[in-house]
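Everything in the sequence shown is counted per the working numbering, starting at 450 for the first residue and increasing by one.
See structure below.
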Amino acid sequence: MLATGTDLLARDGTAVAAITTYTLESTRAIVLAAERTGLPVLLSAGSSSFGAVGREPLAAAALAAARAASVPVGVHLDHCTKLEEIEACIALGYSSVMFDGSHKDYEDNVTLTRLVVEQAHAAGVWVEAELGALSGDEDASGDVEVGEMTDPAQAAAFVERTGVDALAVAIGNVHGFTPDPVRLDLERLAEIAAATPVPLVLHGASGVPAEDLLGAVALGVVKVNVNAELRRAYVGALTADVGDDVRKLQHATIEAMAAVAAEKIELLARRS
Ligand code: 13P
450 MLATGTDLLA RDGTAVAAIT TYTLESTRAI VLAAERTGLP VLLSAGSSSF GAVGREPLAA
510 AALAAARAAS VPVGVHLDHC TKLEEIEACI ALGYSSVMFD GSHKDYEDNV TLTRLVVEQA
570 HAAGVWVEAE LGALSGDEDA SGDVEVGEMT DPAQAAAFVE RTGVDALAVA IGNVHGFTPD
630 PVRLDLERLA EIAAATPVPL VLHGASGVPA EDLLGAVALG VVKVNVNAEL RRAYVGALTA
690 DVGDDVRKLQ HATIEAMAAV AAEKIELLAR RS
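If you want it as structure tokens, here you go:
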């Protein structure tokens, strides 16, 4: 069923995985993993996923898959910087959106996030925003430097001024795989968690050691974004020898991604 409202963000010592989808196969794999584990999931059908197949077809498939699922599945717009796209996704039926003003000037981030919150809340949609800058390409791994970290006092003021439902933090995390695994600054995370009343979000989970992810969840992270690990499984399965039988290739890619997704969903649901 499509998970509306903020139930998936409940602070119960576990986190929900928000996994990026680009295709019907990845949408199927993510929902299948949630059903196999009996746990909820968020399908991140975000701005950077729309490029090849188009916003409406990808969103329609994600929403249909969520509605047909036997477990709660939210459909989330990841990393959006365009107000028109946020409006369009709310109109399509998304259950949550992320406005990413982290690369803007702080005051502009506050103003625009506040605007998105007003529009989204009027439609019953929850909002995630980001403070601090996360480096790395959202769609392809590379060698990146850690960006500007979230300041706990600024995070507290940002949450109060914007009314966001969840805040994405920068605590050493980056998007995609890095040559050496990144380690999270859990001390900073603890300070942010103590200073802010809203649930926290961790982006860039691929390649982060499980103990760091669980440490972050124990400190108040309730949503963890995963992408590159599924991309790697997808691309790896595309080399399966299937002759010209597309259905076999679809099954191979779905199973490869579902295995990775299920592992992550289960890990994050573990209380440490
Ligand atoms: P990874 O690709 O590192 O898993 O990051 C995903 C992400 O944060 C999407 O917003």
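Glycine included, each C-beta is placed from N, C-alpha and C at the ideal position.
Note that the structure is a prediction, hence the values are computed from the model and not measured.
Output yes if chain C places a C-beta closer than 8 Å to the C-beta of residue 621; else output no.
-> Going by chain labels, chain C is absent from the structure shown, which holds only one protein chain.
Given a threshold of 16 other Cβ atoms within 10 Å of its Cβ, counted over all protein chains shown, does residue 519 qualify as buried or as exposed?
-> exposed
To the nearest angstrom, report how far apart residue 558 and residue 664 are at their CA atoms.
-> 28 Å
Quick one: residues in its chain with C-beta nearer than 7 Å to the C-beta of residue 619, no 5 flanking neighbours on either side, listed in chain order?
-> 581, 582, 583, 596, 597, 598 and 599
Which word fits residue 706, buried or exposed, when buried means at least 16 other C-beta atoms lie within 10 angstroms of its C-beta?
-> buried
Whole-Å CB distance - residue 539 paired with residue 511, under 8 Å assumed | Incorrect: roughly 14 Å between the Cβ atoms, too far for contact.
Should the stretch 686-701 be called in touch with the stretch 659-678, which here means at least 3 C-beta pairs below 8 Å?
-> no
Considering only residues of the same chain and omitting the five flanking positions on each side of residue 502, which have a CB-CB separation below 8 Å?
-> 471 and 472
What residues are listed by DSSP as bridge partners for residue 503?
-> For residue 503, which the question treats as bridged, DSSP gives no partner whatsoever.
Considering residue 547, what are the terminal residues of the alpha helix (DSSP H) in which it resides?
-> No alpha helix (DSSP H) holds residue 547; the beta strand (DSSP E) holding it covers 545-548.
How far does the beta strand (DSSP E) with residue 579 in it reach, from first residue to last?
-> 575-580
Whole-angstrom distance between residue 672 and residue 635, CA atom to CA atom = 16 Å
Which value, in whole angstroms, describes the spacing of the CA atoms of residue 574 and residue 690?
-> 43 Å
Does at least one heavy atom of ligand 1 sit under 7 Å from the Cβ of residue 678?
-> yes
Taking only the alpha-carbon atoms, compute the straight-line gap between residue 504 and residue 496 and give it to the nearest angstrom.
-> 8 Å
How is residue 558 classed by DSSP in three states: helix, strand or coil?
-> helix
Assign residue 686 to one of three DSSP states: helix, strand, or coil.
-> helix
What's the gap between the Cα of residue 451 and the Cα of residue 685?
-> 30 Å
Helix, strand or coil for residue 496, going by three-state DSSP, please let me know.
-> helix
When the Cα atoms are used, what is the spatial distance from residue 588 to residue 644?
-> 32 Å
Relative to the C-alpha of residue 523, which residue among 486, 649 and 480 is closest?
-> 480
Mind checking residue 482: buried by the 16 CB within 10 Å criterion, or exposed?
-> buried
Measure the alpha-carbon distance for residue 659 versus residue 716 and round it to whole angstroms.
-> 8 Å
Which same chain residues, not among the five before or five after residue 460, have their C-beta less than 7 Å away from its C-beta?
-> 648, 669 and 671
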